[in-house]
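In terms of our numbering, the sequence shown opens at residue 861 and continues consecutively.
Built from N, CA and C at the ideal position, the CB exists for glycine as well.
What follows is a single structure, written as C-alpha coordinates, with notes after it.
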Amino acid sequence: MTALDAPPRKDHPPTTTRPRLNLTVMCLAGFMIQVDVTIVNVALPRIQAGLQLNGGGLLWVVTAYALSLAACIPVAAALGDRFGHRPVFLTGVAVFTVASVGCALAGTGLALVIARAAQGAGGAAMLALTLSIITESYTGDGRAGAIGTWAAVGGTGFGVGPVVGGLLLSVTGWSSVFWVNVPVGIFAFVGALVAVPRSHPSEHRLDVLGATLCAGGLVALSFGLTRSSAHPWSSLLVAGPVLSGVALLLAFSGWQRRAAYPMAPPALLRIRGFAPAVVVYLAAYAAFGGILFFCTLLYQDVAGWSVLRTGLSWLFMNVPFLVVAQCSAALQRRLSARTQVTAGCLGAAAGAATLTVVTVTTPFAVTAVAFVLAGAGFGALVPVLTHVAMAEVPSRLSGIASGLLNSARQVGTSIGLAVLGYVAAARTLSAWHRLPGHLARAAEADVVSGRVSSVGHALGSAYRQPAVTSFEQGYHWAVGVGAVLLALGAAVAWCAFPTRAEPVESTRAPSEGGLA
861 MTALDAPPRK DHPPTTTRPR LNLTVMCLAG FMIQVDVTIV NVALPRIQAG
911 LQLNGGGLLW VVTAYALSLA ACIPVAAALG DRFGHRPVFL TGVAVFTVAS
961 VGCALAGTGL ALVIARAAQG AGGAAMLALT LSIITESYTG DGRAGAIGTW
1011 AAVGGTGFGV GPVVGGLLLS VTGWSSVFWV NVPVGIFAFV GALVAVPRSH
1061 PSEHRLDVLG ATLCAGGLVA LSFGLTRSSA HPWSSLLVAG PVLSGVALLL
1111 AFSGWQRRAA YPMAPPALLR IRGFAPAVVV YLAAYAAFGG ILFFCTLLYQ
1161 DVAGWSVLRT GLSWLFMNVP FLVVAQCSAA LQRRLSARTQ VTAGCLGAAA
1211 GAATLTVVTV TTPFAVTAVA FVLAGAGFGA LVPVLTHVAM AEVPSRLSGI
1261 ASGLLNSARQ VGTSIGLAVL GYVAAARTLS AWHRLPGHLA RAAEADVVSG
1311 RVSSVGHALG SAYRQPAVTS FEQGYHWAVG VGAVLLALGA AVAWCAFPTR
1361 AEPVESTRAP SEGGLA
(Lines of atoms letter the chains of each structure in order from A and count residues from 1; the text may use other names and numbers.)
(Lines give C-alpha, C1' and ligand atoms only; values in the text may rest on other atoms or scores of the structure.)
Protein backbone atom coordinates (compact mmCIF):
# COMPACT_ATOMS: atom_id res chain seq x y z
CA MET A 1 0.00 0.00 0.00
CA THR A 2 1.35 3.42 -0.92
CA ALA A 3 0.86 6.77 0.74
CA LEU A 4 -1.65 7.69 -1.95
CA ASP A 5 -3.67 4.52 -1.45
CA ALA A 6 -4.16 4.71 2.29
CA PRO A 7 -7.03 6.90 3.50
CA PRO A 8 -5.98 7.92 7.01
CA ARG A 9 -7.05 11.51 6.51
CA LYS A 10 -10.16 12.94 4.95
CA ASP A 11 -9.55 15.03 1.84
CA HIS A 12 -12.27 17.52 2.70
CA PRO A 13 -10.50 20.62 3.98
CA PRO A 14 -11.42 21.65 7.53
CA THR A 15 -12.42 25.25 6.89
CA THR A 16 -11.47 27.78 9.53
CA THR A 17 -14.01 29.75 11.51
CA ARG A 18 -11.74 32.83 11.41
CA PRO A 19 -10.75 33.07 7.74
CA ARG A 20 -9.33 36.59 7.81
CA LEU A 21 -7.13 35.94 10.83
CA ASN A 22 -6.01 32.60 9.38
CA LEU A 23 -5.00 34.21 6.10
CA THR A 24 -3.33 37.13 7.90
CA VAL A 25 -1.18 34.73 9.93
CA MET A 26 -0.15 32.71 6.87
CA CYS A 27 0.71 35.89 4.95
CA LEU A 28 2.69 37.24 7.91
CA ALA A 29 4.64 34.00 8.15
CA GLY A 30 5.64 34.05 4.48
CA PHE A 31 6.33 37.78 4.61
CA MET A 32 8.54 37.49 7.71
CA ILE A 33 10.69 34.75 6.16
CA GLN A 34 11.29 36.77 2.98
CA VAL A 35 11.97 40.02 4.86
CA ASP A 36 14.52 38.27 7.04
CA VAL A 37 16.60 37.33 3.98
CA THR A 38 17.16 40.90 2.80
CA ILE A 39 16.94 42.84 6.06
CA VAL A 40 19.89 40.89 7.48
CA ASN A 41 21.95 41.46 4.34
CA VAL A 42 21.54 45.21 4.87
CA ALA A 43 22.93 44.89 8.41
CA LEU A 44 25.98 42.75 7.54
CA PRO A 45 28.55 45.60 7.64
CA ARG A 46 27.29 46.64 11.09
CA ILE A 47 27.32 43.02 12.30
CA GLN A 48 30.87 42.56 11.02
CA ALA A 49 32.08 45.66 12.88
CA GLY A 50 30.12 44.90 16.06
CA LEU A 51 31.23 41.27 16.43
CA GLN A 52 34.68 41.67 14.83
CA LEU A 53 33.95 39.02 12.21
CA ASN A 54 36.25 38.16 9.32
CA GLY A 55 34.88 37.58 5.82
CA GLY A 56 34.37 33.85 6.36
CA GLY A 57 32.50 34.36 9.62
CA LEU A 58 30.26 36.95 8.03
CA LEU A 59 29.49 34.60 5.16
CA TRP A 60 28.28 31.98 7.64
CA VAL A 61 25.78 34.45 9.13
CA VAL A 62 24.00 34.25 5.77
CA THR A 63 24.87 30.68 4.84
CA ALA A 64 23.76 29.07 8.13
CA TYR A 65 20.25 30.45 7.66
CA ALA A 66 20.06 29.53 3.97
CA LEU A 67 21.32 25.97 4.45
CA SER A 68 19.05 25.30 7.41
CA LEU A 69 16.05 26.68 5.53
CA ALA A 70 16.73 24.63 2.40
CA ALA A 71 17.38 21.39 4.30
CA CYS A 72 14.48 21.59 6.72
CA ILE A 73 11.62 22.64 4.40
CA PRO A 74 10.81 19.13 3.06
CA VAL A 75 11.49 17.52 6.45
CA ALA A 76 9.14 19.97 8.19
CA ALA A 77 6.54 19.34 5.50
CA ALA A 78 6.74 15.58 6.08
CA LEU A 79 6.45 16.12 9.84
CA GLY A 80 3.37 18.25 9.21
CA ASP A 81 1.72 15.49 7.21
CA ARG A 82 2.63 12.93 9.88
CA PHE A 83 1.71 14.83 13.06
CA GLY A 84 -0.64 17.56 11.79
CA HIS A 85 0.09 20.90 10.15
CA ARG A 86 -1.03 23.09 13.05
CA PRO A 87 1.35 21.81 15.77
CA VAL A 88 4.36 21.75 13.43
CA PHE A 89 3.59 25.26 12.18
CA LEU A 90 3.23 26.54 15.76
CA THR A 91 6.54 24.92 16.67
CA GLY A 92 8.18 26.62 13.69
CA VAL A 93 6.87 30.05 14.69
CA ALA A 94 8.06 29.54 18.28
CA VAL A 95 11.53 28.39 17.21
CA PHE A 96 11.90 31.26 14.72
CA THR A 97 10.84 33.84 17.31
CA VAL A 98 13.08 32.51 20.09
CA ALA A 99 16.00 32.19 17.65
CA SER A 100 15.48 35.83 16.62
CA VAL A 101 15.93 36.80 20.27
CA GLY A 102 19.09 34.68 20.31
CA CYS A 103 20.39 36.49 17.22
CA ALA A 104 19.69 39.91 18.74
CA LEU A 105 21.48 38.99 21.99
CA ALA A 106 24.43 37.19 20.35
CA GLY A 107 27.75 38.43 21.67
CA THR A 108 29.99 36.35 19.42
CA GLY A 109 30.02 35.31 15.80
CA LEU A 110 29.57 31.64 16.73
CA ALA A 111 26.49 32.38 18.84
CA LEU A 112 24.98 34.38 15.98
CA VAL A 113 25.64 31.61 13.42
CA ILE A 114 24.02 28.99 15.70
CA ALA A 115 21.00 31.22 16.27
CA ARG A 116 20.73 31.86 12.52
CA ALA A 117 20.69 28.10 11.84
CA ALA A 118 17.89 27.73 14.39
CA GLN A 119 16.06 30.61 12.71
CA GLY A 120 16.29 28.76 9.40
CA ALA A 121 14.86 25.58 10.93
CA GLY A 122 11.91 27.46 12.41
CA GLY A 123 11.39 29.41 9.21
CA ALA A 124 11.37 26.16 7.23
CA ALA A 125 8.44 24.81 9.26
CA MET A 126 6.56 28.05 8.68
CA LEU A 127 7.32 28.31 4.97
CA ALA A 128 6.67 24.62 4.30
CA LEU A 129 3.20 24.62 5.83
CA THR A 130 1.67 28.04 5.12
CA LEU A 131 0.52 26.96 1.67
CA SER A 132 -0.81 23.58 2.84
CA ILE A 133 -2.77 25.26 5.66
CA ILE A 134 -4.34 27.66 3.15
CA THR A 135 -5.12 24.75 0.83
CA GLU A 136 -6.80 22.83 3.65
CA SER A 137 -8.68 25.86 4.99
CA TYR A 138 -10.28 27.21 1.80
CA THR A 139 -12.13 25.84 -1.19
CA GLY A 140 -13.05 27.08 -4.62
CA ASP A 141 -12.94 30.81 -5.23
CA GLY A 142 -11.86 31.43 -1.64
CA ARG A 143 -8.79 29.23 -2.10
CA ALA A 144 -7.71 30.97 -5.30
CA GLY A 145 -8.13 34.38 -3.69
CA ALA A 146 -6.28 33.32 -0.54
CA ILE A 147 -3.37 31.90 -2.54
CA GLY A 148 -3.19 35.11 -4.57
CA THR A 149 -3.08 37.20 -1.40
CA TRP A 150 -0.46 34.92 0.18
CA ALA A 151 1.74 35.10 -2.92
CA ALA A 152 1.37 38.87 -3.20
CA VAL A 153 2.17 39.66 0.44
CA GLY A 154 4.99 37.13 0.72
CA GLY A 155 6.59 38.29 -2.51
CA THR A 156 6.86 41.89 -1.35
CA GLY A 157 9.11 40.88 1.55
CA PHE A 158 12.25 41.03 -0.57
CA GLY A 159 11.71 44.70 -1.33
CA VAL A 160 10.47 45.71 2.11
CA GLY A 161 13.50 44.22 3.90
CA PRO A 162 16.07 46.78 2.72
CA VAL A 163 13.69 49.68 3.36
CA VAL A 164 12.87 48.59 6.92
CA GLY A 165 16.50 47.65 7.53
CA GLY A 166 17.76 51.00 6.28
CA LEU A 167 15.30 52.89 8.49
CA LEU A 168 16.14 50.81 11.59
CA LEU A 169 19.90 51.03 11.10
CA SER A 170 19.70 54.80 10.70
CA VAL A 171 18.49 55.16 14.30
CA THR A 172 19.67 52.04 16.17
CA GLY A 173 22.11 49.11 16.14
CA TRP A 174 22.24 45.90 14.12
CA SER A 175 20.32 43.84 16.69
CA SER A 176 17.16 45.76 15.74
CA VAL A 177 16.85 43.76 12.50
CA PHE A 178 16.28 40.67 14.66
CA TRP A 179 14.19 42.27 17.42
CA VAL A 180 11.65 43.33 14.79
CA ASN A 181 10.74 39.65 14.29
CA VAL A 182 9.70 39.14 17.90
CA PRO A 183 6.35 41.01 18.09
CA VAL A 184 5.41 39.71 14.65
CA GLY A 185 6.25 36.17 15.73
CA ILE A 186 4.20 36.48 18.93
CA PHE A 187 1.20 37.74 16.97
CA ALA A 188 1.59 34.93 14.40
CA PHE A 189 1.77 32.29 17.15
CA VAL A 190 -1.33 33.52 19.00
CA GLY A 191 -3.21 34.04 15.74
CA ALA A 192 -2.36 30.52 14.52
CA LEU A 193 -3.37 29.07 17.87
CA VAL A 194 -6.79 30.68 17.49
CA ALA A 195 -7.48 30.54 13.75
CA VAL A 196 -5.65 27.59 12.17
CA PRO A 197 -7.93 24.54 12.02
CA ARG A 198 -6.74 21.19 13.29
CA SER A 199 -5.88 18.65 10.64
CA HIS A 200 -5.90 14.89 11.13
CA PRO A 201 -2.42 13.39 11.46
CA SER A 202 -1.46 10.60 9.11
CA GLU A 203 -1.07 7.08 10.41
CA HIS A 204 2.02 6.51 8.29
CA ARG A 205 5.37 6.11 9.99
CA LEU A 206 7.90 8.86 9.40
CA ASP A 207 10.40 8.05 6.64
CA VAL A 208 13.55 8.74 8.69
CA LEU A 209 16.01 7.53 6.06
CA GLY A 210 14.24 9.52 3.35
CA ALA A 211 14.26 12.66 5.49
CA THR A 212 17.96 12.20 6.24
CA LEU A 213 18.91 11.69 2.58
CA CYS A 214 16.79 14.64 1.44
CA ALA A 215 18.10 17.02 4.10
CA GLY A 216 21.71 15.94 3.58
CA GLY A 217 21.43 16.30 -0.18
CA LEU A 218 19.91 19.76 -0.02
CA VAL A 219 22.51 20.95 2.52
CA ALA A 220 25.43 19.66 0.44
CA LEU A 221 24.04 20.99 -2.84
CA SER A 222 23.20 24.41 -1.40
CA PHE A 223 26.60 24.66 0.31
CA GLY A 224 28.47 23.85 -2.89
CA LEU A 225 26.45 26.35 -4.92
CA THR A 226 27.02 29.02 -2.26
CA ARG A 227 30.80 28.46 -2.36
CA SER A 228 30.87 28.70 -6.17
CA SER A 229 30.80 32.48 -5.93
CA ALA A 230 34.27 32.50 -4.35
CA HIS A 231 35.87 29.33 -5.77
CA PRO A 232 36.05 27.71 -9.24
CA TRP A 233 33.67 24.88 -10.05
CA SER A 234 36.63 22.49 -10.28
CA SER A 235 37.57 23.21 -6.66
CA LEU A 236 36.86 20.51 -4.09
CA LEU A 237 35.05 23.16 -2.04
CA VAL A 238 32.47 23.40 -4.83
CA ALA A 239 32.56 20.15 -6.81
CA GLY A 240 32.73 17.96 -3.69
CA PRO A 241 29.56 19.24 -1.99
CA VAL A 242 27.65 19.60 -5.27
CA LEU A 243 28.40 16.05 -6.41
CA SER A 244 27.70 14.71 -2.91
CA GLY A 245 24.38 16.57 -2.83
CA VAL A 246 23.35 15.22 -6.23
CA ALA A 247 24.31 11.68 -5.16
CA LEU A 248 22.30 11.93 -1.93
CA LEU A 249 19.25 13.32 -3.76
CA LEU A 250 19.48 10.51 -6.33
CA ALA A 251 19.66 8.02 -3.46
CA PHE A 252 16.63 9.73 -1.92
CA SER A 253 14.72 9.39 -5.19
CA GLY A 254 15.59 5.68 -5.42
CA TRP A 255 14.62 5.06 -1.79
CA GLN A 256 11.22 6.69 -2.29
CA ARG A 257 10.39 4.01 -4.86
CA ARG A 258 11.10 1.22 -2.37
CA ALA A 259 10.06 2.65 1.00
CA ALA A 260 6.89 1.30 2.58
CA TYR A 261 5.91 4.79 3.74
CA PRO A 262 7.82 7.20 1.48
CA MET A 263 8.31 10.78 2.58
CA ALA A 264 7.57 12.00 -0.98
CA PRO A 265 5.52 9.34 -2.79
CA PRO A 266 6.57 9.03 -6.46
CA ALA A 267 2.87 9.14 -7.37
CA LEU A 268 2.90 12.77 -6.19
CA LEU A 269 4.91 13.69 -9.29
CA ARG A 270 2.27 12.04 -11.48
CA ILE A 271 -0.46 14.35 -10.21
CA ARG A 272 -1.52 16.58 -13.08
CA GLY A 273 0.31 19.89 -13.07
CA PHE A 274 2.47 19.31 -9.99
CA ALA A 275 5.82 18.37 -11.58
CA PRO A 276 5.63 21.03 -14.36
CA ALA A 277 4.75 23.67 -11.76
CA VAL A 278 7.80 22.71 -9.68
CA VAL A 279 10.03 22.96 -12.77
CA VAL A 280 8.69 26.39 -13.76
CA TYR A 281 8.92 27.59 -10.15
CA LEU A 282 12.57 26.52 -9.97
CA ALA A 283 13.47 28.20 -13.28
CA ALA A 284 11.59 31.41 -12.42
CA TYR A 285 13.25 31.83 -9.03
CA ALA A 286 16.67 30.93 -10.43
CA ALA A 287 16.22 33.96 -12.69
CA PHE A 288 14.60 36.16 -10.04
CA GLY A 289 17.26 35.64 -7.35
CA GLY A 290 20.12 36.33 -9.74
CA ILE A 291 18.49 39.42 -11.27
CA LEU A 292 17.81 41.01 -7.88
CA PHE A 293 21.37 40.28 -6.76
CA PHE A 294 23.02 41.89 -9.79
CA CYS A 295 20.67 44.88 -9.88
CA THR A 296 21.57 45.50 -6.25
CA LEU A 297 25.31 45.38 -7.06
CA LEU A 298 24.84 47.70 -10.03
CA TYR A 299 23.02 50.41 -8.12
CA GLN A 300 24.57 50.12 -4.66
CA ASP A 301 28.20 49.28 -5.34
CA VAL A 302 28.72 50.69 -8.82
CA ALA A 303 26.32 53.65 -8.93
CA GLY A 304 26.76 54.37 -5.20
CA TRP A 305 23.10 54.34 -4.16
CA SER A 306 22.18 53.98 -0.50
CA VAL A 307 20.51 50.80 0.76
CA LEU A 308 17.29 52.73 1.40
CA ARG A 309 17.20 54.20 -2.11
CA THR A 310 17.83 50.78 -3.64
CA GLY A 311 15.07 49.23 -1.54
CA LEU A 312 12.63 51.95 -2.51
CA SER A 313 13.42 51.39 -6.19
CA TRP A 314 12.15 47.81 -5.83
CA LEU A 315 8.67 49.22 -5.24
CA PHE A 316 8.46 49.47 -9.03
CA MET A 317 8.60 45.66 -8.98
CA ASN A 318 6.68 44.97 -5.77
CA VAL A 319 3.61 47.11 -6.43
CA PRO A 320 2.80 45.52 -9.83
CA PHE A 321 3.45 42.11 -8.27
CA LEU A 322 0.97 42.86 -5.49
CA VAL A 323 -1.71 44.24 -7.83
CA VAL A 324 -1.55 41.48 -10.44
CA ALA A 325 -1.32 38.67 -7.87
CA GLN A 326 -4.45 40.00 -6.17
CA CYS A 327 -6.28 39.71 -9.49
CA SER A 328 -5.24 36.07 -9.99
CA ALA A 329 -8.54 34.56 -8.83
CA ALA A 330 -10.52 36.65 -11.32
CA LEU A 331 -8.05 35.86 -14.11
CA GLN A 332 -8.29 32.13 -13.45
CA ARG A 333 -12.00 32.25 -14.32
CA ARG A 334 -11.24 33.72 -17.76
CA LEU A 335 -7.83 32.44 -18.83
CA SER A 336 -6.22 29.02 -18.85
CA ALA A 337 -3.28 28.26 -16.58
CA ARG A 338 -1.16 27.81 -19.70
CA THR A 339 -1.99 31.29 -20.93
CA GLN A 340 -1.43 33.00 -17.57
CA VAL A 341 1.84 31.32 -16.64
CA THR A 342 3.26 31.60 -20.16
CA ALA A 343 2.34 35.29 -20.33
CA GLY A 344 3.76 35.87 -16.85
CA CYS A 345 7.06 34.21 -17.71
CA LEU A 346 7.34 36.09 -20.98
CA GLY A 347 6.49 39.41 -19.29
CA ALA A 348 9.16 38.82 -16.65
CA ALA A 349 11.58 37.73 -19.38
CA ALA A 350 10.89 40.99 -21.23
CA GLY A 351 11.73 42.88 -18.04
CA ALA A 352 14.99 40.95 -17.64
CA ALA A 353 15.84 41.52 -21.31
CA THR A 354 15.27 45.26 -20.84
CA LEU A 355 17.83 45.23 -18.02
CA THR A 356 20.49 44.02 -20.48
CA VAL A 357 20.73 47.54 -21.92
CA VAL A 358 20.87 49.34 -18.56
CA THR A 359 24.11 50.94 -17.39
CA VAL A 360 24.87 53.33 -14.55
CA THR A 361 24.28 56.23 -16.95
CA THR A 362 20.96 54.95 -18.28
CA PRO A 363 17.95 56.93 -16.99
CA PHE A 364 16.28 55.02 -14.16
CA ALA A 365 13.00 55.20 -16.08
CA VAL A 366 14.28 52.32 -18.24
CA THR A 367 14.99 50.21 -15.16
CA ALA A 368 11.59 51.17 -13.73
CA VAL A 369 9.88 49.82 -16.86
CA ALA A 370 11.89 46.60 -16.56
CA PHE A 371 10.94 46.26 -12.89
CA VAL A 372 7.25 46.82 -13.67
CA LEU A 373 7.31 44.13 -16.38
CA ALA A 374 9.13 41.69 -14.11
CA GLY A 375 6.84 42.39 -11.14
CA ALA A 376 3.65 42.06 -13.16
CA GLY A 377 4.97 38.88 -14.78
CA PHE A 378 5.73 37.24 -11.45
CA GLY A 379 2.41 38.44 -10.07
CA ALA A 380 0.70 36.61 -12.93
CA LEU A 381 2.64 33.37 -12.71
CA VAL A 382 3.28 32.68 -9.00
CA PRO A 383 -0.34 32.37 -7.71
CA VAL A 384 -1.41 30.31 -10.74
CA LEU A 385 1.61 28.01 -10.45
CA THR A 386 0.79 27.49 -6.80
CA HIS A 387 -2.87 26.80 -7.51
CA VAL A 388 -2.10 24.37 -10.34
CA ALA A 389 0.49 22.51 -8.24
CA MET A 390 -1.80 22.07 -5.24
CA ALA A 391 -5.21 21.75 -6.92
CA GLU A 392 -5.34 17.93 -7.11
CA VAL A 393 -2.98 17.02 -4.25
CA PRO A 394 -4.75 14.91 -1.58
CA SER A 395 -5.09 16.67 1.75
CA ARG A 396 -2.92 14.10 3.51
CA LEU A 397 -0.01 14.99 1.16
CA SER A 398 -0.52 18.75 1.02
CA GLY A 399 2.32 19.34 3.48
CA ILE A 400 5.03 17.56 1.51
CA ALA A 401 3.66 18.99 -1.76
CA SER A 402 3.88 22.50 -0.33
CA GLY A 403 7.35 21.72 1.01
CA LEU A 404 8.65 20.48 -2.34
CA LEU A 405 7.25 23.55 -4.08
CA ASN A 406 8.93 25.89 -1.59
CA SER A 407 12.15 23.86 -1.78
CA ALA A 408 12.14 24.45 -5.53
CA ARG A 409 12.14 28.18 -4.81
CA GLN A 410 15.05 27.94 -2.36
CA VAL A 411 17.13 25.62 -4.54
CA GLY A 412 16.25 27.61 -7.64
CA THR A 413 17.50 30.79 -6.00
CA SER A 414 20.78 29.09 -5.04
CA ILE A 415 21.22 27.64 -8.53
CA GLY A 416 20.42 31.00 -10.11
CA LEU A 417 22.96 32.85 -8.00
CA ALA A 418 25.61 30.23 -8.79
CA VAL A 419 24.97 30.02 -12.55
CA LEU A 420 24.36 33.72 -13.16
CA GLY A 421 27.30 34.54 -10.87
CA TYR A 422 29.59 32.26 -12.85
CA VAL A 423 28.47 33.78 -16.17
CA ALA A 424 28.85 37.32 -14.85
CA ALA A 425 32.31 36.66 -13.40
CA ALA A 426 33.54 35.04 -16.61
CA ARG A 427 32.34 37.87 -18.84
CA THR A 428 33.50 40.59 -16.44
CA LEU A 429 37.02 39.14 -16.20
CA SER A 430 37.16 38.60 -19.95
CA ALA A 431 36.50 42.31 -20.47
CA TRP A 432 38.87 43.34 -17.65
CA HIS A 433 41.72 41.19 -19.00
CA ARG A 434 41.53 42.88 -22.38
CA LEU A 435 42.85 46.06 -20.79
CA PRO A 436 46.50 46.84 -21.61
CA GLY A 437 49.14 46.58 -18.91
CA HIS A 438 49.88 44.19 -16.09
CA LEU A 439 47.56 46.01 -13.67
CA ALA A 440 44.54 44.57 -15.47
CA ARG A 441 45.26 41.29 -13.67
CA ALA A 442 44.96 43.02 -10.32
CA ALA A 443 41.84 43.78 -8.29
CA GLU A 444 39.85 41.05 -10.07
CA ALA A 445 37.68 40.25 -7.04
CA ASP A 446 36.71 43.90 -6.63
CA VAL A 447 35.82 44.24 -10.31
CA VAL A 448 33.66 41.10 -10.31
CA SER A 449 31.75 42.22 -7.21
CA GLY A 450 31.27 45.78 -8.47
CA ARG A 451 33.47 47.47 -5.86
CA VAL A 452 34.72 50.02 -8.36
CA SER A 453 35.70 52.57 -5.72
CA SER A 454 38.16 50.05 -4.27
CA VAL A 455 39.58 49.50 -7.75
CA GLY A 456 40.09 53.24 -8.15
CA HIS A 457 41.83 53.50 -4.79
CA ALA A 458 44.10 50.52 -5.45
CA LEU A 459 45.04 51.12 -9.09
CA GLY A 460 44.31 54.77 -9.68
CA SER A 461 41.33 56.74 -10.92
CA ALA A 462 42.07 55.86 -14.55
CA TYR A 463 41.00 52.28 -13.85
CA ARG A 464 37.66 53.12 -12.27
CA GLN A 465 35.69 53.55 -15.50
CA PRO A 466 37.16 50.41 -17.13
CA ALA A 467 36.12 48.53 -13.98
CA VAL A 468 32.58 49.91 -14.35
CA THR A 469 32.45 48.93 -18.02
CA SER A 470 33.77 45.43 -17.29
CA PHE A 471 31.24 44.86 -14.52
CA GLU A 472 28.40 46.09 -16.73
CA GLN A 473 29.29 43.54 -19.39
CA GLY A 474 29.11 40.70 -16.87
CA TYR A 475 25.87 42.10 -15.44
CA HIS A 476 24.30 42.25 -18.93
CA TRP A 477 25.14 38.60 -19.57
CA ALA A 478 23.81 37.54 -16.17
CA VAL A 479 20.40 39.20 -16.55
CA GLY A 480 20.30 37.92 -20.14
CA VAL A 481 20.65 34.36 -18.84
CA GLY A 482 17.86 35.18 -16.39
CA ALA A 483 15.66 36.16 -19.34
CA VAL A 484 16.47 32.85 -21.06
CA LEU A 485 15.51 30.87 -17.92
CA LEU A 486 12.17 32.66 -17.80
CA ALA A 487 11.60 31.96 -21.49
CA LEU A 488 12.29 28.27 -20.82
CA GLY A 489 9.74 28.40 -18.02
CA ALA A 490 7.24 29.81 -20.50
CA ALA A 491 7.96 26.92 -22.89
CA VAL A 492 7.37 24.32 -20.15
CA ALA A 493 4.11 25.99 -19.13
CA TRP A 494 2.89 26.19 -22.72
CA CYS A 495 3.58 22.49 -23.32
CA ALA A 496 2.46 21.04 -19.97
CA PHE A 497 -0.35 23.12 -18.48
CA PRO A 498 -4.11 22.89 -19.18
CA THR A 499 -5.19 24.55 -22.41
CA ARG A 500 -8.64 25.59 -21.21
CA ALA A 501 -9.73 27.93 -18.48
CA GLU A 502 -10.96 25.85 -15.58
CA PRO A 503 -13.55 27.89 -13.72
CA VAL A 504 -12.93 28.04 -10.00
CA GLU A 505 -15.71 26.46 -7.97
CA SER A 506 -18.42 28.91 -7.10
CA THR A 507 -19.25 27.15 -3.85
CA ARG A 508 -17.50 28.15 -0.68
CA ALA A 509 -17.57 27.25 2.91
CA PRO A 510 -19.90 29.65 4.73
CA SER A 511 -17.01 31.18 6.66
CA GLU A 512 -15.05 32.19 3.55
CA GLY A 513 -17.21 34.96 2.16
CA GLY A 514 -15.50 38.10 1.06
CA LEU A 515 -11.93 36.79 0.87
CA ALA A 516 -11.63 36.46 -2.89
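- For S1035, the three-state secondary structure derived from DSSP is coil.
- For T1016, there is no enclosing alpha helix (DSSP H), as DSSP marks it with neither H nor E.
- Here DSSP, grouped into helix, strand and coil, assigns G962 to helix.
- Note on the segment 877-952: whole alpha helix (DSSP H) runs with a minimum of 4 residues are 879-911 and 915-943, in chain order.
- Closest in C-alpha terms to V1024, from the list A903, A1127, W920 and A930, comes A903.
- Per DSSP, C1205 is one residue of the alpha helix (DSSP H) stretching across A1197 to L1215.
- Contact holds between the segment 1011-1021 and the segment 889-907, because three or more Cβ pairs, one in each stretch, are under 8 Å apart.
- The three-state reading of DSSP puts W1174 in coil, since its state is none of H, G, I, E or B.
- A1075 carries a helical assignment under DSSP once its states are collapsed to helix, strand and coil.
- Counting only the Cα atoms, G1340 lies some 21 Å from V1242.
- M1250: member of the alpha helix (DSSP H) spanning F1224 to M1250, first to last residue.
- Counting only runs of at least 4 residues, the segment 1286-1315 fully encloses the following alpha helix (DSSP H) elements, listed from N- to C-terminal order: 1304-1308.
- DSSP, read as helix, strand or coil, puts L1066 in coil.
- Where Y1335 is concerned, the enclosing alpha helix (DSSP H) starts and stops at R1324 to A1356.
- Counting only the Cα atoms, A1048 lies some 24 Å from A924.
- Comparing alpha carbon positions, the residue from V1140, F1181 and A1322 closest to L1348 is V1140.
- The shortest C-alpha to C-alpha distance from R1169 to any of Q1333, S1088, V900 and T1156 is the one to T1156.
- When the five nearest sequence neighbours on each side are left out, the beta carbons in the same chain lying within less than 6 Å of the beta carbon of T1273 are those of Y1145 and G1149, in order along the chain.
- Annotation: the continuous alpha helix (DSSP H) that includes S1188 extends over S1188 to Q1192.
- In this structure, DSSP gives Y1141 a helical state, which the three-state scheme calls helix.
- A residue is called buried when at least 16 other Cβ atoms come within 10 angstroms of its Cβ; P905 does not meet this threshold and is exposed.
- Take the alpha-carbon of G944 and the one of R1058: they are about 7 Å apart.
- When only Cα atoms are considered, A1052 and T995 end up about 15 Å apart.
- Leaving aside the five residues that flank C887 on each side, the residues in its chain whose CB is nearer than 7 Å to its CB run, in chain order, T1009, W1010, V1013 and G1014.
- Remark: fewer than three beta-carbon pairs, one from each stretch, lie closer than 8 Å, so the segment 1218-1230 and the segment 1268-1288 are not flagged as touching.
- In the structure shown, V1042 adopts helical secondary structure according to DSSP, grouped into three states.
- Secondary structure at S1095: coil, using DSSP grouped into helix, strand and coil.
- Using a Cβ distance threshold of 8 Å, A1197 and V1244 count as a contacting pair.
- In this structure, the beta-carbon distance from A1071 to A938 falls below 8 Å.
- Under the three-state reduction of DSSP output, P1022 falls in the helix class.
- Residue burial is scored here from C-beta neighbours: W1093 has fewer than 16 other C-beta atoms within 10 angstroms and is therefore classed as exposed.
- Note on geometry: alpha-carbon atoms of A1230 and P1122 lie some 44 Å from one another.
- Counting other Cβ atoms within 10 Å of its Cβ, H1293 stays below 16 and is therefore classed as exposed.
- If you compare the alpha carbons of G1133, D1067 and L1097 with that of Q1116, the shortest gap goes to D1067.
- For G1017, the closest C-alpha among the options G1171, L1078, S1255 and V1167 is that of G1171.
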